[in-house]
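Working notes, structure below.
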Amino acid sequence: MFEKINYCEITVQKILKISGNNIHLIFDKNSENIYTKSIIELNADEEIINIKSDEDNNNKVKIHVGSKNKMQEISISADKLKIEGDIFSEIININSNGLISNAYIRSKIYNFKGNGLYLNNVLNSDKISLDSNGIKTSVEIENNQLFDIDANGVAGKIKFRDNLPTKMNLNCMGGLISLYMSEKKVFDINQPTKGTLVKKILIQ
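In terms of my numbering, the sequence shown opens at residue 875 and continues consecutively.
Structural data, given as structure tokens:
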């Protein structure tokens, strides 16, 4: 059962679920707590923390999330969403019509689905899936095996920091994307839709 409160400070659990209209999440690698002064609805037990907000799009809800300890799963659903800080979770699922991400993300699985995505961060994830109407990216990738991109349009750059084998499935109708990687990297790209121009740039 959800309880409506205007102040919250609780310990992070294994699973975190957050939903609302206009959410700003700040992940703090030095903290173990969740903290907010915004009006929210909260339901929490020993394993799951569920936070909801019914504030409209004009009222941003800011939530500080401690990420000192790895979580099992983070699920976020928001019309507008901004993320920053350091995130550490086995699974991350995000659904948003407008995500701005400026974060360092460590996960086994990272899934995004929505209409607008702007990535300006580091993704350290085995499996990455981006499904969006439009994607703008300036992202650096670590420890990635499978990278799926499905979009109407994509623009920007992706830099691979290591030489681990990566398979990319790129299904986009248009745009230009630059891929930066070492000449030693094992990289396989599958591009069923040829609308996107891919520029591969080798670096030292």
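Backbone N, C-alpha and C fix where the C-beta goes; we use that ideal spot for every residue, glycine too. For clarity, every value in this text was computed on a predicted model and none was experimentally measured.
Legend entry - Where Leu1038 falls: helix, strand or coil (DSSP): Sequence index remark: in the sequence shown, residue 1038 carries index 164 (1-based). Coil at Leu1038, not helix or strand.
Inset, instruction - Measure the CB-CB distance between Glu906 and Gly959 and report whether it falls below 7 Å. - result: As a position in the sequence shown, residue 906 is number 32, starting the count at 1. As a position in the sequence shown, residue 959 is number 85, starting the count at 1. Against a cut-off of 7 Å, the Cβ pair of Gly959 and Glu906 comes out as no contact.
Inset, instruction - Could you tell me which uninterrupted alpha helix (DSSP H) segments, each at least 4 residues in length, are contained entirely in the stretch 927-979, listed from first to last along the chain? - result: none
Inset, instruction - From the DSSP output, in three-state form, read off Val886 for me. - result: Stepping through the sequence shown from its first residue, residue 886 is reached at position 12. If DSSP states are grouped into helix, strand and coil, Val886 belongs with coil.
Inset, instruction - Pair every Cβ in the stretch 924-935 with every Cβ in the stretch 959-968, then say whether three or more of these pairs are closer than 8 Å. - result: no
Legend entry - Pair within 7 Å by beta-carbon distance, Leu1053 and Ile1077: Residue numbering aside, residue 1053 sits at position 179 when the sequence shown is read from its first letter. Residue numbering aside, residue 1077 sits at position 203 when the sequence shown is read from its first letter. Not in contact: Leu1053 and Ile1077 (Cβ atoms no closer than 7 Å).
Inset, instruction - Tell me whether Phe876 is buried or exposed, calling it buried when 16 or more other Cβ atoms sit within 10 Å of its Cβ. - result: As a first step, residue 876 must be located in the sequence shown, where it is residue number 2. Under this definition Phe876 is an exposed residue.
Legend entry - Assigned secondary structure, Phe1061 (DSSP; H/G/I helix, E/B strand, else coil): Here residue 1061 refers to the residue found at position 187 when the sequence shown is read from its first residue. The answer is strand: DSSP assigns Phe1061 an E or B state.
Legend entry - Alpha carbon of Tyr909 to alpha carbon of Gly1048, nearest angstrom: The residue labelled residue 909 in the question sits at position 35 within the sequence shown. The residue labelled residue 1048 in the question sits at position 174 within the sequence shown. About 41 Å.
Inset, instruction - Would you kindly work out how many angstroms separate the C-alpha atoms of Phe1061 and Lys944, rounded to a whole number? - result: On the sequence shown, position 187 is the one that residue 1061 refers to. On the sequence shown, position 70 is the one that residue 944 refers to. If you take the alpha carbons of Phe1061 and Lys944, they lie about 29 Å apart.
Legend entry - Backbone secondary structure at Glu906 - three-state DSSP: For the purposes of this step, residue 906 is identified with residue 32 of the sequence shown, where counting begins at 1. Of the three classes helix, strand and coil, the one that applies to Glu906 here is coil, per DSSP.
Inset, instruction - Could you check how far apart the C-beta atoms of Cys1046 and Gly1030 are, in whole angstroms? I think they sit under 8 Å. - result: Residue numbering aside, residue 1046 sits at position 172 when the sequence shown is read from its first letter. Residue numbering aside, residue 1030 sits at position 156 when the sequence shown is read from its first letter. With a Cβ gap of about 12 Å, Cys1046 and Gly1030 do not count as contacting.
Inset, instruction - Select from Leu1071, Leu1050, Ser912, Asp1036 the residue whose C-alpha is nearest the C-alpha of Cys882. - result: Position 8 of the sequence shown, counted from the first residue, corresponds to residue 882. The candidate whose alpha carbon is nearest that of Cys882 is Ser912.
Inset, instruction - Please classify Lys1080: is it buried, with 16 or more other beta-carbons within 10 angstroms of its beta-carbon, or exposed? - result: Look at the range of the chain in this structure, 875 to 1078, and you will see that residue 1080 is not part of it.
Inset, instruction - With distances taken Cα to Cα, identify the nearest neighbour of Glu921 among Asn896, Ile937, Glu947. - result: Residue 921 sits at position 47 when you count from the first residue of the sequence shown. Of the listed residues, the one whose Cα sits closest to Glu921 is Glu947.
Inset, instruction - Answer with buried or exposed for Ile1009, where buried requires no fewer than 16 other C-beta atoms within 10 angstroms of its C-beta. - result: By 1-based counting over the sequence shown, the position of residue 1009 is 135. It is buried - the Cβ of Ile1009 has at least 16 other Cβ atoms within 10 Å.
Legend entry - Residues of its chain near Lys1041, where Cβ-Cβ distance is below 6 Å and the 5 sequence neighbours each way are ignored: In the sequence shown, the residue the question calls residue 1041 occupies position 167. Hits under 6 Å: Leu1020, Asp1062.
Legend entry - 6 Å Cβ shell around Asn880 - same chain, five flanking residues per side excluded: The residue labelled residue 880 in the question sits at position 6 within the sequence shown. So the list reads Ile913, once near-sequence residues are dropped.
Inset, instruction - Decide if Ser975 is buried, meaning its Cβ has at least 16 other Cβ atoms within 10 Å, or exposed. - result: Taking the first residue of the sequence shown as position 1, residue 975 is located at position 101. With 16 or more Cβ atoms within 10 Å of its Cβ, Ser975 is classed as buried.
Inset, instruction - Can you have a look at Leu1050 and say buried or exposed, based on whether 16 or more other CB atoms are within 10 angstroms of its CB? - result: Locating residue 1050 in the sequence shown gives position 176, counting from the first residue. The residue in question, Leu1050, is exposed, as its Cβ has fewer than 16 Cβ neighbours within 10 Å.
Inset, instruction - Between the Cα of Asn967 and those of Ile950, Leu973, Arg980, spot the shortest distance and give me the residue it belongs to. - result: Here residue 967 refers to the residue found at position 93 when the sequence shown is read from its first residue. Measuring from the Cα of Asn967, the nearest candidate turns out to be Ile950.
Legend entry - Buried versus exposed, by CB contacts within 10 Å (16 or more), Leu848: A query on residue 848 cannot be resolved here, the shown segment of the chain reaching from 875 to 1078 and no further.
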